[in-house]
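Going by my numbering, the sequence shown opens with residue 18, and the numbers climb by one from there.
We put the CB at the ideal spot given by N, CA and C, even for glycine.
The structure appears below as structure tokens.
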Amino acid sequence: MTSNDTPRAPQQHPHPHPHVGMWVTADGFIRQELLPDGRYDEARGNRRSAYTGSYTVTGDHIDYVDDTGFTATGDVRDGVLFHEHLVLYREGDEPARR
Numbered sequence: 018m019t020s021n022d023t024p025r026a027p028q029q030h031p032h033p034h035p036h037v038g039m040w041v042t043a044d045g046f047i048r049q050e051l052l053p054d055g056r057y058d059e060a061r062g063n064r065r066s067a068y069t070g071s072y073t074v075t076g077d078h079i080d081y082v083d084d085t086g087f088t089a090t091g092d093v094r095d096g097v098l099f100h101e102h103l104v105l106y107r108e109g110d111e112p113a114r115r
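Structure below.
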């Protein structure tokens with residue numbers, strides 16, 4: 018077996034940016050996980066992996082490319098992710114539900 022035949026784990030950036038992790042809407046309906054390998058996975062309600070794709074971060078700005086080719090943007094301001102029309106909070110930091 019050559020080294021080219023050895024299965025490899027996905028590459029992870031040795032120093033992930035500070036926005037990696039789970040982001041959720043205040044009602045918990047939308048959950049978007051920014052993975053350290055530059056991929057994201059977004060669940061909506063009971064629909065797991067409703068949207069998946071890649072993203073790049075420049076400072077506090079995020080550019081998304083869905084696996085279908087759809088593009089979107091987001092910005093993190095004061096610890097809140099504004100992703101197009103969505104407002105997401107770090108999991109555990111979301112406002113109390115009413």
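Taking C-alpha positions only, Gly62 is separated from Ile79 by approximately 23 Å. When secondary structure is reduced to three states using DSSP, Asp92 falls in the strand class.
In the same chain as Ser71, and ignoring 5 residues on each side of it, the C-beta atoms closer than 6 Å to its own belong to Gly55, Arg56, Val82, in chain order. For the pair Arg107 and Gly38, the CB atoms are nearer than the 9 Å cut-off.
Straight-line measurement puts the Cα of Gly45 at about 17 Å from the Cα of Gly96. Within the stretch 45-84, not a single complete alpha helix (DSSP H) segment reaches 4 residues in length. Under DSSP, Gly38 shares a beta bridge with Leu51.
Note: Phe99 is bridge-paired with Asp92, Val104 in the DSSP secondary-structure output.
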